[in-house]
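Take any residue in the sequence shown, note its place counting from 1, add 57, and you have its number in our numbering. Heads up: the structure comes next, in structure tokens.
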Amino acid sequence: MGDTNGHVVAGGSGRGNRLDQLYRLTDVLIDKETDSLIICNWGNRRVVRWSRHSGTNQGEILIGNIDCWGLTMDDQRYLYISDTKKNEVRRYQIGDKNGTIVAGGNGQGAGLNQLNWPTYIFVDQQKTVYVSDHNNHRVMKWNKGAKEGIVVAEGQGEGSSLTQLSYPRGLFVDTLDTVYVADSANDRVMRWPKGAK
58 MGDTNGHVVA
68 GGSGRGNRLD
78 QLYRLTDVLI
88 DKETDSLIIC
98 NWGNRRVVRW
108 SRHSGTNQGE
118 ILIGNIDCWG
128 LTMDDQRYLY
138 ISDTKKNEVR
148 RYQIGDKNGT
158 IVAGGNGQGA
168 GLNQLNWPTY
178 IFVDQQKTVY
188 VSDHNNHRVM
198 KWNKGAKEGI
208 VVAEGQGEGS
218 SLTQLSYPRG
228 LFVDTLDTVY
238 VADSANDRVM
248 RWPKGAK
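Next comes the structure, spelled out in structure tokens:
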């Protein structure tokens, strides 16, 4: 350690859509089992995997034709990816190109079975999916197998009061089901205890 400079571990060949290039990245995670990075390459409409081993100079497309924004992986190595154009979150087994809808998927809207520009996601041990529903200014919770979600943060329209969010982004849920969300347009992080709206 002790390096004072960063090191390029994926991309670095300029902006573009070749396999050695990335464009408008929105999220990344480390797959510990394969020692690789999995990247939401939103600008190129794909999810790619890059090995962390030195000498790797291009990625591998895991899922194409997806307007991916956020991704996470559960303890069984299923990928959960938000799609901002289809307004849904799908669960994928590595190698699967289609996935299964686990949140949204009923068109753009504000209904409990809809999302509007889903961004970041969090999945807990029970496979409950939490979604930052960016343009609806709320965080939704989708229990495993549910056909509609539950509003767990916000519900009072866009704004800056303590009952409101404005374009939520990153989120985390602790073991007490307390939701922490980056309230991006309000320049703050909000905490919503279980049962609060």
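Note that beta-carbon positions come from the ideal geometry of N, C-alpha and C, so glycine has one too.
Should residue i go down as buried or exposed, given a rule of 16 or more other Cβ atoms within 10 Å for buried?
| i | result |
| --- | --- |
| ALA253 | exposed |
| ARG72 | exposed |
| ASP84 | buried |
| ASN74 | exposed |
| LEU219 | exposed |
| ILE87 | exposed |
| THR157 | exposed |
| VAL114 | Reading off the sequence shown, one finds Asn at residue 114, where the question assumed Val. Flag for ASN114 reads exposed. |
| VAL66 | exposed |
| ARG245 | exposed |
| ARG233 | Sequence inspection shows Leu at residue 233; the Arg mentioned does not correspond to that position. With fewer than 16 Cβ atoms within 10 Å of its Cβ, LEU233 is classed as exposed. |
Do you know how far the Cα of residue j is from the Cα of residue i?
| i | j | result |
| --- | --- | --- |
| VAL230 | TYR237 | 6 angstroms |
| LEU228 | LEU128 | 12 angstroms |
| ASP124 | SER139 | 8 angstroms |
| VAL186 | ASP60 | 38 angstroms |
| TYR135 | LEU82 | 21 angstroms |
Which one of the options has the shortest CA to CA distance from residue i?
| i | options | result |
| --- | --- | --- |
| ILE118 | THR220, THR141, TRP99, LYS251 | TRP99 |
| LEU199 | VAL188, GLY166, ASN192 | Residue 199 is actually Trp in this sequence, not Leu. With distances taken between Cα atoms, TRP199 lies closest to VAL188. |
| LEU172 | SER139, ASN144, ASP88 | ASN144 |
| GLY68 | GLN78, SER217, GLY152 | GLN78 |
| LEU76 | VAL104, GLU211, GLY63 | VAL104 |
| GLN213 | ARG195, ALA203, GLY202, TYR224 | ARG195 |
| SER93 | ARG81, HIS110, ASN101, TYR80 | HIS110 |
| GLY202 | GLN150, GLY216, VAL159, ASN163 | VAL159 |
Leaving aside the five residues before and after residue i along the sequence, list all residues of the same chain whose C-beta is less than 8 angstroms from its C-beta, in chain order.
| i | result |
| --- | --- |
| THR91 | ARG106, SER108 |
| LYS154 | ILE120, GLY121 |
| THR235 | ARG248, TRP249, PRO250, LYS251 |
Beta carbon of residue i: closer than 8 angstroms to some heavy atom of the ligand NAP?
| i | result |
| --- | --- |
| GLN213 | Inclusion of the ligand NAP in the displayed structure is not the case, the ligand content being empty and no account of it being possible. |
Which partner residues of residue i appear in the DSSP bridge assignment?
| i | result |
| --- | --- |
| TRP99 | BP columns for TRP99 are empty, so no partner. |
| LYS198 | TYR187, ILE207 |
| VAL131 | Checking the sequence, you will find Asp at residue 131 rather than Val. BP columns for ASP131 are empty, so no partner. |
| SER93 | ASP88, SER108 |
What residues in its chain sit with their C-beta under 7 angstroms from that of residue i, if we drop five residues either side in the sequence?
| i | result |
| --- | --- |
| LEU169 | GLU205, GLY206 |
Near residue i, what residues of its chain come up, given a Cβ to Cβ distance below 6 angstroms and the 5 sequence neighbours on each side ignored?
| i | result |
| --- | --- |
| ALA210 | VAL196, VAL236, VAL238, TRP249 |
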